[in-house]
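Student: First the structure, which I've put down as structure tokens, then a few questions once you've had a look.
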Amino acid sequence: MKGVKIYEVPVNLQPSHSHGGRDYYKIVLVTGKVLLGYSGRTVTCKDTFLFFANPHLPHSVEHLSRKNKAFACLFTETFIAGRERKGLLQHSPLFRIGASPVIPVSGAQAAFLVSLFQQMLDTSGSDYPHREDMLRNCIALIIHEAMRLQPAEDNRKEKDAAARITYLFLELLEQQFPVDNTGDPLRLRNPHDFANALSVHVNYLNRSVKKVTGKPTSAHIAERIAAEAVSLLQHSDWNIADIAYSLGFEYPTYFNNYFKRVTGKTPTSFRKEKV
Numbered sequence: 050m051k052g053v054k055i056y057e058v059p060v061n062l063q064p065s066h067s068h069g070g071r072d073y074y075k076i077v078l079v080t081g082k083v084l085l086g087y088s089g090r091t092v093t094c095k096d097t098f099l100f101f102a103n104p105h106l107p108h109s110v111e112h113l114s115r116k117n118k119a120f121a122c123l124f125t126e127t128f129i130a131g132r133e134r135k136g137l138l139q140h141s142p143l144f145r146i147g148a149s150p151v152i153p154v155s156g157a158q159a160a161f162l163v164s165l166f167q168q169m170l171d172t173s174g175s176d177y178p179h180r181e182d183m184l185r186n187c188i189a190l191i192i193h194e195a196m197r198l199q200p201a202e203d204n205r206k207e208k209d210a211a212a213r214i215t216y217l218f219l220e221l222l223e224q225q226f227p228v229d230n231t232g233d234p235l236r237l238r239n240p241h242d243f244a245n246a247l248s249v250h251v252n253y254l255n256r257s258v259k260k261v262t263g264k265p266t267s268a269h270i271a272e273r274i275a276a277e278a279v280s281l282l283q284h285s286d287w288n289i290a291d292i293a294y295s296l297g298f299e300y301p302t303y304f305n306n307y308f309k310r311v312t313g314k315t316p317t318s319f320r321k322e323k324v
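Set out below in structure tokens:
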């Protein structure tokens, strides 16, 4: 299956491993003792807990016990098809920058979550024709269960100013997608556009986004536009000019040069390869 992977995590007592900067979301269920690093913090977690990570959250993991047991589910935003499930990712506090990504669970809650991960493992290795839909439903159920279990005090914590403006920027960026109308092109295409929409100075926006995510504002915008271009080239029958206009490019040649700079291929050659 494309865009999703479920597996049991091998316990490794070697020095911590860093993760981040990729295009997948991650949900991990751990029973044991683990040292987690994220957002400049280091936290020792024990017993059973859920850990959530998104593409904007660099993190490190170090197992502190050989008795640890863990399951992991990695998936791309593309795999979570449909506006409703994408909205669950975008608006869930579990995936928002500045929110706590660790949710403690115990007793019957832990047993229920273990059964869900085991079900996903079994389903992913089966030939059931609707296994992708089943996996999507399980992922959504785990997120909802974690939202229900999340301590109320975590929801009330104030985000610092940089984290807050970064979250607002990322949410505003994502609200423009998916592009589904050639007559309604992207309105916000550069850091100045987003800074004006958020009523902040562009330098403040750039500093905040770089501080929280480790990447410039322009890189986030470019990566998201490129991802949408790839999706339209693969899954729509729009011509290259329509795609260029819908993504805010004044001329198709500008789009061609941009796409080649980002992917190393022209839109036409990329589309032919995917046919």
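Each residue of the sequence shown is one higher than the one before, counting from 50 in our numbering.
Built from N, CA and C at the ideal position, the CB exists for glycine as well.
Remember, predicted model here, so these are calculated numbers, not experimental data.
Tell me whether the stretch 230 to 244 and the stretch 265 to 272 touch, counting them as touching only if at least three CB pairs, one residue from each stretch, are closer than 8 Å.
Tutor: Yes, the stretch 230 to 244 touches the stretch 265 to 272.
Student: To the nearest angstrom, report how far apart residue 204 and residue 293 are at their CA atoms.
Tutor: For the purposes of this step, residue 204 is identified with residue 155 of the sequence shown, where counting begins at 1. For the purposes of this step, residue 293 is identified with residue 244 of the sequence shown, where counting begins at 1. Legend: pLDDT at residue 204 = 45, less than 50; position of this residue unreliable, no value from coordinates given.
Student: Compare the beta carbon distance of residue 227 and residue 296 with 8 Å and say whether it is the shorter of the two.
Tutor: On the sequence shown, residue 227 is found 178 positions in, with the first residue counted as 1. On the sequence shown, residue 296 is found 247 positions in, with the first residue counted as 1. Contact check for residue 227 against residue 296 fails: the beta carbons are separated by 8 Å or more.
Student: Who are residue 187's beta bridge partners in DSSP?
Tutor: The sequence position of residue 187 within the sequence shown is 138, counting from 1. DSSP lists no partner for residue 187.
Student: Look up residue 280 in the DSSP assignment and say whether it is helix, strand or coil.
Tutor: Position 231 of the sequence shown, counted from the start, is the residue given in the question as residue 280. Residue 280: helix per DSSP, three-state reduction.
Student: Roughly how many angstroms lie between the CA atoms of residue 193 and residue 220, to the nearest whole one?
Tutor: Indexing the sequence shown from 1 puts residue 193 at position 144. Indexing the sequence shown from 1 puts residue 220 at position 171. Approximately 20 Å between the Cα atoms of the pair.
Student: For residue 160, name the three-state secondary structure that DSSP assigns.
Tutor: Along the sequence shown, read from residue 1 onward, the residue named residue 160 stands at position 111. In the structure shown, residue 160 sits in a helix (DSSP, three-state: H, G or I).
Student: Counting only the same chain and skipping the five closest in sequence on each side, list residues whose C-beta sits under 7 Å from that of residue 128.
Tutor: For the purposes of this step, residue 128 is taken as the residue at position 79 of the sequence shown. The answer, listed in chain order, is 52, 53.
Student: Can you tell me which of the three DSSP states residue 197 falls into?
Tutor: Locating residue 197 in the sequence shown gives position 148, where the first residue counts as 1. Helix at residue 197.
Student: Extract the residue ranges of the beta strand (DSSP E) inside the stretch 52 to 125, only unbroken runs of 3 or more that lie entirely within it.
Tutor: 53 to 57, 66 to 68, 73 to 87, 90 to 102, 108 to 112, 118 to 125
Student: Should residue 119 go down as buried or exposed, given a rule of 16 or more other Cβ atoms within 10 Å for buried?
Tutor: Position 70 of the sequence shown, counted from the first residue, corresponds to residue 119. It is buried - the Cβ of residue 119 has at least 16 other Cβ atoms within 10 Å.
Student: Would residue 50 be called buried (16 or more neighbouring beta carbons within 10 Å of its own) or exposed?
Tutor: By 1-based counting over the sequence shown, the position of residue 50 is 1. Residue 50 should be labelled exposed.
Student: With a threshold of 8 Å on Cβ separation, who are the neighbours of residue 314 within its own chain once the five nearest residues in sequence on each side are excluded?
Tutor: Reading the sequence shown from its first residue, position 265 is the one you call residue 314. Hits under 8 Å: 308, 322.
Student: In terms of residue numbering, what span does the alpha helix (DSSP H) encompassing residue 289 cover?
Tutor: Sequence index remark: in the sequence shown, residue 289 carries index 240 (1-based). In the DSSP assignment, residue 289 falls within the alpha helix (DSSP H) that extends over 289 to 295.
Student: Between the alpha carbons of residue 298 and residue 274, how many angstroms are there, rounded?
Tutor: Locating residue 298 in the sequence shown gives position 249, counting from the first residue. Locating residue 274 in the sequence shown gives position 225, counting from the first residue. The alpha-carbon atoms of residue 298 and residue 274 are separated by roughly 11 Å.
Student: Are the CB atoms of residue 94 and residue 106 within a distance shorter than 8 Å?
Tutor: Residue 106 sits at position 57 when you count from the first residue of the sequence shown. Residue 94 sits at position 45 when you count from the first residue of the sequence shown. Annotated as distal: residue 106 and residue 94, with beta-carbon spacing of 8 Å or more.
Student: Distance cutoff 8 Å, beta carbons only. Does residue 194 sit that close to anything in chain C?
Tutor: This model lacks chain C altogether; it includes just one protein chain.
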